[in-house]
RNA sequence: GGCCCAUUGGUCAAGCGGUCAAGACGUCGGCCUCUCACGCCGGAAACAUGGGUUCGAUUCCCAUAUGGGUCACCA
């Protein structure tokens, strides 16, 4: 390949990173890295009304966090800046006028009233709304006169009235549409800024983008972009359109429900690597029987042919599992560091956090599960004696009571209160009594926690709680069973 | 509604004319075990429907159904 692969991620600064958008960025990044090419970041802020404070910073932060590093962009520069569209307005105006001269566009002076009226009539007669080409029929003199008189204008694309336009997409194949179905869209708005339809073509060309990766919602306007490239006499990029990520059949992931953005997931205790790994496989498959991949592995494996055409439903179950896989790969220290905010949220008592982490490490799917799992540490919850009844352990309220009564003096005698001592002492007791482990240890676990399920068993919980608290809970349990 | 596109288990998906139709998540059963989880073993579960083409269709073509996208001075 003579030309270096150059891809771009061109988000508009909306204030949050939609997971589908992030996936598009990931694919663009992967394609560039796979081919030793370049990945550029461009901010599409031509809609001034949608400007959101801090949104651009969020984009930088997300890309940096996830490791999708860009080679060119507003914050680091590059040979084809500016990388912020609102700062390129002169460029678009120049090209728009150039296009008018080439016959690919025309000035339009229609005001909002006329446009609204036109649309109303079309809707009433059940005709698809479309600009009627009114201003395309203006003579050069009329245009000059209006321009001179300072009448506000936009520049519209001039679509051939007949014929068809075709393009090739790497995932969807060849697509052909009738030009008659295409509208003379606005290219340059009356505020002098371009619409997306125009800016993306001009910028992709000027920035030497070779592969355009974007959502399939742009599929239907791609013929218009092709017409633009043709009118300018520019080379076409390779098109790669990807289908959307759905929440469930018929429903998109939504911002409102707080389940759509990267920040939402991070906030819920998901690991960035797990998120990236999961979304990489949502709509793309390397065709291997492996599902855990590092970014580097993905970059080596990525191939357009693995992108699927149909929309993919986001499966939170699978993300949970994958997040658990990543959590288990953390070292105990890393786990503790990441879990700390959640520990502090739920545990005020003094405990050995490393010991706690050892219990939680294999049992945590996402960090936000931690508070609920450790809520018994600060305060023994109210519980029912029914908890002591367990068929598999062959325990009853009565057997539990005598078990705990036997445990009490043993525990009181333990000097060095740690897991090993507790284990040895209780094992000795069990052997001496000639019963199964569960007969003693299961009731102890319930007495320590008051919960049906806990991270770790009786010995571990007692070690964690400390001698005083353990004895206190033990006595309380015996009393409760009496 | 017009136009464009898609359709393999509940979900992600492999498959690219001949397979007992992979794998993963989830689910179910079992083992391990001081509960739960982790781990391990095993099970159930799919080619939307109807026509063609072909010796042979999940794979190719056409309908139907369902789903997605798009029809802005938003991107």
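Numbering (the working numbering), first residue to last: 5 to 486.
We put the CB at the ideal spot given by N, CA and C, even for glycine.
Unbroken beta strand (DSSP E) run spanning residue i, endpoints
i           : result
residue 178 : 177-182
residue 42  : 42-45
residue 13  : 10-13
residue 173 : 168-173
residue 393 : Unbroken run through residue 393: none, as it is neither H nor E.
residue 190 : 190-192
Assigned secondary structure, residue i (DSSP; H/G/I helix, E/B strand, else coil)
i           : result
residue 198 : strand
residue 212 : coil
residue 238 : coil
residue 105 : helix
residue 77  : strand
residue 387 : coil
residue 16  : coil
residue 5   : The predicted position of residue 5 is uncertain, since its pLDDT is 44 and thus under 50; no value can be drawn from it.
residue 325 : helix
residue 265 : strand
residue 72  : coil
residue 370 : coil
residue 378 : coil
residue 132 : coil
residue 333 : helix
residue 164 : coil
beta-carbon residue i near the ligand FAD non-hydrogen atom, thresh 7 Å
i           : result
residue 128 : With respect to the ligand FAD, the structure shown offers nothing to examine, as it has no ligands at all.
Opening and closing residue of the alpha helix (DSSP H) in which residue i lies
i           : result
residue 400 : Unbroken run through residue 400: none, as it is neither H nor E.
residue 186 : No alpha helix (DSSP H) holds residue 186; DSSP gives it neither H nor E.
residue 337 : 336-350
residue 138 : No alpha helix (DSSP H) holds residue 138; DSSP gives it neither H nor E.
residue 33  : 23-38
residue 145 : 144-152
residue 484 : 471-485
residue 382 : From DSSP, residue 382 is part of no alpha helix (DSSP H); its letter is neither H nor E.
residue 363 : 357-364
residue 449 : 441-453
According to DSSP, residues forming a beta bridge with residue i
i           : result
residue 307 : DSSP lists no partner for residue 307.
residue 112 : 158
residue 88  : 47
residue 244 : 217
residue 431 : The partner list for residue 431 (beta bridge, DSSP) is empty, contrary to what the question assumes.
residue 288 : 311
Cβ neighbour criterion (16 or more within 10 Å) applied to residue i
i           : result
residue 172 : exposed
residue 451 : buried
residue 76  : buried
residue 228 : buried
residue 457 : exposed
residue 293 : exposed
residue 296 : exposed
residue 2   : No information on residue 2 is available, as it lies outside the stretch 5 to 486 that the chain covers here.
residue 195 : exposed
residue 437 : exposed
residue 377 : buried
residue 287 : buried
residue 281 : buried
residue 5   : Low confidence applies to residue 5: its pLDDT is 44, below 50, so where it sits in the model is not reliable enough to give any reading.
residue 453 : buried
Within 8 Å, strictly: CB atoms of residue i and residue j
i           : j           : result
residue 244 : residue 308 : yes
residue 100 : residue 191 : yes
residue 207 : residue 46  : yes
residue 167 : residue 183 : yes
residue 353 : residue 381 : yes
residue 392 : residue 246 : no
residue 482 : residue 396 : no
residue 18  : residue 56  : yes
residue 272 : residue 372 : yes
residue 132 : residue 123 : no
residue 327 : residue 387 : no
residue 364 : residue 459 : yes
residue 49  : residue 16  : yes
residue 478 : residue 408 : yes
residue 54  : residue 36  : no
residue 74  : residue 44  : yes
residue 162 : residue 108 : yes
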